[in-house]
Amino acid sequence: MTRIRHADTVLESVQSSSAAATSRLAASWRRSAVKHGLDPTHSAAPERLDAGTLRHRRAALDPFLVVATPRMEQLFGLVGQSGCSVLLTDADGVVLDQRCSDGDAETFQRWGLWSGAVWSEEAEGTNGIGTCLAENRQVVIHRDEHFLSRNTGMSCMDAPIYGPDGRIVAALDVSSARADQTEAFTRLIAAMVAQTARAIEADHFRASFPKARIVVPGGERPDEAMLLAVDEDDLVIGATRAARRVFGLGPTGAIRPCPASDILGRQDGLSGFERAERTAVIRALARAGGNVSAAARGLGVGRATLYRRMKRLGIGETGA
192 MTRIRHADTV
202 LESVQSSSAA
212 ATSRLAASWR
222 RSAVKHGLDP
232 THSAAPERLD
242 AGTLRHRRAA
252 LDPFLVVATP
262 RMEQLFGLVG
272 QSGCSVLLTD
282 ADGVVLDQRC
292 SDGDAETFQR
302 WGLWSGAVWS
312 EEAEGTNGIG
322 TCLAENRQVV
332 IHRDEHFLSR
342 NTGMSCMDAP
352 IYGPDGRIVA
362 ALDVSSARAD
372 QTEAFTRLIA
382 AMVAQTARAI
392 EADHFRASFP
402 KARIVVPGGE
412 RPDEAMLLAV
422 DEDDLVIGAT
432 RAARRVFGLG
442 PTGAIRPCPA
452 SDILGRQDGL
462 SGFERAERTA
472 VIRALARAGG
482 NVSAAARGLG
492 VGRATLYRRM
502 KRLGIGETGA
């Protein structure tokens, strides 16, 4: 499809009274034209931030980038030799870092898929990065699905990455320069992008709660990072976006600390103090390798006293 024909197709969809209601792509095209006032024939290169502004944006996300970069490089190792670049943006669609092979660098620089470029939907219309962030979901924008005609030579596969507060912190993008990229290959890369995004999210969550115990609730879906952060008092103090949704902890912001047993449904008929005592006894037995005498010394009680408590709390000598 020529650039002129592509622009005509976009504008025809934008002018349709029903297209935006039945198609997510058409809705994004309409946002690009009506809300953001963009012209599909606009041919100027994407805006690029100056080096100082880019450093400032990177510094603001430095702890996140520390854990994200190794995962990003791992993904590039899988797709980099097939005409693909890997990009990591902030929540505003600004490219903070990118990887591509030397042979493809000129193409991606010409397209504006480079550090410092702004790929928000407001700036570039429908595109993988911007639409992923605007719609808060994983997207694939393939060639002619882009809003701007000059972007129709690329295929973009994106997934959002959520921070510990449940809000989007970044977008992970793989863009392809191959004109012959098949639908099956696109689906495969999209799955790899989503998996890597969730791995980055989990790594970042763990790094954000270094002193907490990280609990992985049962039933975790492979395409979600469902984790809880539990402190030394057995209170849940953090939850990933998926865990927030499953356990009703609120979509964003700080969560109100609550007992892990309340969330996970492990009440077992004991009072709060009894559960805490049971936990302390089991931990002492574990540290002592099941030796009751050593566990009693660790707890500062007599051996007979510990046996009585174990019986009352339903604990065997192995701690089970």
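In this note's numbering, the protein residues as written are 192 to 511. All C-beta atoms, glycine included, are put in the ideal place defined by N, C-alpha and C.
Item checked: Reference D199, options A388, L339, R397, closest by Cα -> L339
Does the separation of the CB atoms of N342 and E315 fall below 8 Å? yes
Worksheet entry | Bridge-paired residues (DSSP) for V309 | V285
Contact set for G510: own chain, Cβ-Cβ below 6 Å, skip 5 residues either direction:
Since pLDDT at G510 reaches only 49, below the 50 mark, its modelled position is unreliable, and the value read off the structure follows with that caveat. Excluding the 5 residues flanking it on each side, G510 has same chain C-beta neighbours closer than 6 Å at I473, L476, A477, in chain order.
**Message:** If distances are taken between C-alpha atoms only, which option among G354, A388, I506 comes closest to G444?
**Reply:** Among G354, A388, I506, the Cα nearest to that of G444 belongs to G354.
Between A368 and L216, what straight-line distance do the alpha-carbon atoms span, to the nearest angstrom? Distance from the CA of A368 to the CA of L216, rounded to the nearest whole angstrom, comes to 21 Å.
On the CB-based measure, 16 or more other CB atoms within 10 Å of its CB, does H197 come out buried or exposed? buried
Worksheet item: Should the segment 251-271 be called in touch with the segment 390-407, which here means at least 3 C-beta pairs below 8 Å?
Response: yes
What first and last residue would you give for the alpha helix (DSSP H) that runs through M348? Taken as a continuous stretch (DSSP letters only), M348 belongs to no alpha helix (DSSP H), being part of the beta strand (DSSP E) at 346-353.
Q) Just how far apart, CA to CA, sit S366 and A398? A) 28 Å
Close-in-space but distant-in-sequence residues of the same chain around R466 (CB under 7 Å, 5 per side omitted): S452
Would you kindly work out how many angstroms separate the C-alpha atoms of D281 and L504, rounded to a whole number? 50 Å
- DSSP puts T280 in a beta bridge; with which residues? Answer is V286, A362.
For R499, the residue or residues it bridges with in DSSP:
The partner list for R499 (beta bridge, DSSP) is empty, contrary to what the question assumes.
Range of the contiguous beta strand (DSSP E) that encloses H333 | 330-333
message: Taking only three categories from DSSP, how would you classify P450?
response: P450: strand per DSSP, three-state reduction.
**Q.** Cβ pair count under 8 Å reaching 3, the segment 267-274 against the segment 326-339
**A.** Look at the beta carbons and you see the segment 267-274 not touching the segment 326-339: under three pairs across the two are nearer than 8 Å.
Worksheet item: Taking three-plus beta-carbon pairs below 8 Å as touching, is the segment 343-350 in contact with the segment 374-389?
Response: yes
- Give me whichever residues DSSP pairs with S367 in a beta bridge. C275, S346
- Query: For the putative contact between R248 and V285, defined by C-beta atoms under 8 Å, what is the C-beta separation to the nearest angstrom?
  - Reply: 6 Å
A430 bridges to which residues according to DSSP?
As DSSP reads the structure, A430 sits in a beta bridge with L419.
Considering only DSSP beta bridges, list what R404 is partnered with. V421
Open item on the list: Residues in the same chain with beta-carbon distance under 6 Å from A166, minus the five sequence neighbours each way, listed in chain order, please.
Closed with: In the structure as shown, the chain begins at 192 and stops at 511. Residue 166 is therefore absent and cannot be evaluated.
| Buried or exposed (CB count within 10 angstroms, at least 16 for buried), C275 | buried
Range covered by the alpha helix (DSSP H) that runs through H535
Here the chain has residues from 192 to 511 only, and residue 535 is not among them.
(Q) I'd like to check one pair, R500 with S484: are the Cβ atoms closer than 8 Å? (A) no
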